[in-house]
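A quick write-up on the structure given underneath.
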Amino acid sequence: MLEEIGVTSINDLYRDIPDDLVYKGSLEIPGPHSESEVKKHVSELLEENSDLRTPPFLGGGVWPHYVPSVVDEVIHRAEFLTSYTPYQPEISQGILQAIFEYQSLICELVGMDVANSSLYDWATACGEAGLMSGRITRRDKILVPDLMSPIRLNVLRTYTEPLGMKIELIEHVEKTGQLEMEDLKERVDDDTAMVYIENPSYMGFAEENAEAIGEVAHDKKAMFVVGVDPISLGILKAPGEYGADIVCGEGQPLGIHMSYGGPLLGILACKHENRYIRQMPGRIIGITQEEASDRQAFTMTLQTREQHIRREKATSNICTNQALCAVAAGVYLSLMGPKGMRELGELVMNRARYAQRKIGELPGVRAPIFNSFHFKEFTVNFQYKSLSEISNELHTNRIQAGIPLKKDFPEFGETSLFCVTEMHSKKHIDQLVSVLKEALEG
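Position in the sequence shown counted from 1, then plus 425, gives you this note's numbering.
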């Protein structure tokens, strides 16, 4: 083989690596093992991992929600579990219809008219919404809450700042966390392309002034963009009902496993206006009627927006999508229906309230730190113990809980972000409270 590729030794393949970086010692690689020995060894390694017998009290972008068995059953069909992109509609009617149904269900859920077939995750959807707003308005200023998810903010910066757009942070009200309306009014101007809010916010509370924020944006002809957790829309108003122009969000709660952080599902939807749709990135599946027959047909529509047609002039350089995850979300939403989503939203809200109350009753603990309505996530501040001490005690008891906020929000001190969903029973919550109590007393 070496002779065939024109080299004399294996070292010739590594000649581009500086000599001082080449490891010259001997590697302690064990000898060969039988299949049964390898299986035993790997099993022992896997047993050292944390498991999810107790659902993690972690959120921030990936949440522990229940995935109905029928969702996995459908998406594991060979027709869906494929890397094939349905460019040839005449042989792809099944998957095209499945994605079309997903788009329709998302539009109904968020109160918009048009949704694309998916993006990577909430962060990329937010970034694309920023670019989309800039193209529609021909402006370069973006306003976002100062309590926005730091991950999504970083991705938004990566998408927009290299193209000359600038991002400004809107202050929050200290007691409630709500967007400071006076600061918003001072910052929004004729250069503003997008006013963005997250509802619920990264800190878990609902934005009570969402409609008023949209009115301030529209007074200056800026785009009003709302980021959502779709599960919350079972009990909260759809963004379309309070004036959103574009909606983005994370579809992972809709029947997609956490899977060590991905794959996820970026939701992006907008109003039915030509100037919006023409600037929307990603694939859009449309429905039409065959000539000389009554049969319906599905196809990718408005493809001149996309990279495989326009290359560098496309609306986005995104070149793949999360079609399988979109199918999963479509199955989940069709299974749940409006009544199921409402019941789920109420269940999650009530369990989170119970956890807030029980944790907040512990001495030296404040939960939540903002006096606002929270959905499934809430902040917990520890006055007399460090987050590392609390975290160590939780891990010792095989409980994963609380995203530390100190790095991104140092002004909040020893504060973590907790999450409660339908996966957390009263027993799970009581166990968490009991371990926290021991940690605080220790």
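From the three backbone atoms N, C-alpha and C, an ideal C-beta is built for every residue, glycine too. Small disclaimer: the values here were computed from a predicted structure and weren't measured.
Of the listed residues the options, nearest to residue i (C-alpha basis)
{"i": "threonine 821", "options": "Asp476, Glu698, Ala548", "result": "Asp476"}
{"i": "isoleucine 531", "options": "Leu693, Arg440, Gly652", "result": "Leu693"}
{"i": "alanine 751", "options": "Leu521, Asp441, Arg478", "result": "Leu521"}
{"i": "arginine 612", "options": "Glu593, Lys862, Leu604", "result": "Glu593"}
{"i": "methionine 766", "options": "Pro511, Lys662, Glu623, Pro793", "result": "Lys662"}
{"i": "isoleucine 622", "options": "Asp616, Pro480, Asn817, Ala631", "result": "Ala631"}
{"i": "threonine 840", "options": "Asn806, Lys810, His458", "result": "Asn806"}
{"i": "aspartate 571", "options": "Arg560, Glu599, Ser558, Ile561", "result": "Glu599"}
{"i": "lysine 449", "options": "Asn436, Thr724, Leu861", "result": "Asn436"}
{"i": "arginine 823", "options": "Phe834, Phe795, His853, Val845", "result": "His853"}
{"i": "proline 481", "options": "Ala826, Ile702, Thr601, Tyr439", "result": "Ala826"}
{"i": "proline 493", "options": "Ser859, Leu446, Leu679", "result": "Leu679"}
{"i": "glycine 687", "options": "Val773, Val487, Gln856", "result": "Val487"}
{"i": "tyrosine 491", "options": "Asp615, Tyr757, Ala637, Gly665", "result": "Tyr757"}
{"i": "glutamate 515", "options": "Glu715, Pro788, Gly785", "result": "Glu715"}
{"i": "glycine 789", "options": "His458, Arg582, Ile815", "result": "Ile815"}
{"i": "glutamine 518", "options": "Gly785, Ala754, Ala722, Lys862", "result": "Ala722"}
{"i": "lysine 646", "options": "Ala754, Tyr512, Gln781, Gly559", "result": "Gly559"}
{"i": "tyrosine 779", "options": "Tyr439, Tyr509, Asp445, Ser850", "result": "Ser850"}
{"i": "arginine 478", "options": "Gly555, Pro489, Leu470, Ser468", "result": "Pro489"}
Collapsed DSSP secondary structure at residue i in the structure displayed
{"i": "phenylalanine 798", "result": "coil"}
{"i": "glutamine 856", "result": "helix"}
{"i": "phenylalanine 630", "result": "strand"}
{"i": "phenylalanine 834", "result": "coil"}
{"i": "serine 841", "result": "strand"}
{"i": "glutamate 675", "result": "strand"}
{"i": "glycine 867", "result": "coil"}
{"i": "leucine 693", "result": "strand"}
{"i": "methionine 761", "result": "helix"}
{"i": "methionine 683", "result": "coil"}
{"i": "proline 829", "result": "strand"}
{"i": "threonine 740", "result": "coil"}
{"i": "methionine 774", "result": "helix"}
{"i": "asparagine 817", "result": "helix"}
{"i": "asparagine 822", "result": "coil"}
{"i": "isoleucine 442", "result": "coil"}
{"i": "isoleucine 435", "result": "helix"}
{"i": "glutamine 704", "result": "coil"}
{"i": "asparagine 746", "result": "coil"}
{"i": "alanine 663", "result": "coil"}
{"i": "valine 805", "result": "strand"}
{"i": "arginine 720", "result": "coil"}
{"i": "glutamine 714", "result": "strand"}
{"i": "methionine 725", "result": "strand"}
{"i": "isoleucine 709", "result": "strand"}
{"i": "valine 790", "result": "strand"}
{"i": "glycine 785", "result": "helix"}
Nearest-angstrom Cβ-Cβ length linking residue i and residue j, presumed shorter than 8 Å
{"i": "methionine 619", "j": "isoleucine 567", "result": "5 Å"}
{"i": "leucine 690", "j": "glycine 676", "result": "3 Å"}
{"i": "glutamate 605", "j": "isoleucine 595", "result": "6 Å"}
{"i": "methionine 557", "j": "methionine 705", "result": "6 Å"}
{"i": "leucine 865", "j": "lysine 810", "result": "6 Å"}
{"i": "isoleucine 710", "j": "isoleucine 524", "result": "5 Å"}
{"i": "phenylalanine 868", "j": "glycine 602", "result": "This structure does not reach residue 868, given that the chain is present from 426 up to 867, and the question cannot be answered."}
{"i": "leucine 534", "j": "proline 625", "result": "The Cβ separation is near 15 Å, so there is no contact."}
{"i": "leucine 769", "j": "glutamate 666", "result": "No, leucine 769 and glutamate 666 are not in contact; Cβ-Cβ is about 19 Å, not under 8 Å."}
{"i": "aspartate 565", "j": "methionine 590", "result": "5 Å"}
{"i": "alanine 669", "j": "valine 651", "result": "4 Å"}
Exposure of residue i, with buried meaning 16 or more beta-carbon neighbours within 10 Å
{"i": "serine 574", "result": "buried"}
{"i": "aspartate 644", "result": "exposed"}
{"i": "alanine 503", "result": "exposed"}
{"i": "arginine 563", "result": "exposed"}
{"i": "glutamine 747", "result": "buried"}
{"i": "glycine 867", "result": "exposed"}
{"i": "arginine 577", "result": "buried"}
{"i": "arginine 700", "result": "exposed"}
{"i": "isoleucine 712", "result": "exposed"}
{"i": "serine 542", "result": "buried"}
{"i": "lysine 801", "result": "buried"}
{"i": "serine 759", "result": "exposed"}
{"i": "leucine 812", "result": "buried"}
{"i": "glutamate 553", "result": "buried"}
{"i": "aspartate 441", "result": "exposed"}
{"i": "glycine 431", "result": "exposed"}
{"i": "proline 587", "result": "exposed"}
{"i": "arginine 708", "result": "buried"}
{"i": "aspartate 546", "result": "buried"}
{"i": "glutamine 528", "result": "buried"}
Residue i: CB within 7 Å of a non-hydrogen atom of the ligand COA
{"i": "proline 455", "result": "Ligands displayed in this structure: none; no statement on the ligand COA is therefore possible."}
Quick check for students: name the residue ranges of the alpha helix (DSSP H) that lie wholly in the segment 520 to 600, counting only runs of 4 or more. Along the segment 520 to 600, the alpha helix (DSSP H) occurs as fully enclosed runs of 4 or more residues at 547 to 562, 575 to 585, listed in sequence order.
Review point. What runs of the alpha helix (DSSP H), each 4 residues or longer, lie entirely inside the segment 456 to 510?
Key: As far as the segment 456 to 510 is concerned, its whole alpha helix (DSSP H) runs of at least 4 residues are 460 to 471, 494 to 500.
For a minimum of 3 consecutive residues, which ranges assigned as the beta strand (DSSP E) are wholly contained in the segment 604 to 659?
Here the runs fully enclosed are 617 to 623, 648 to 653.
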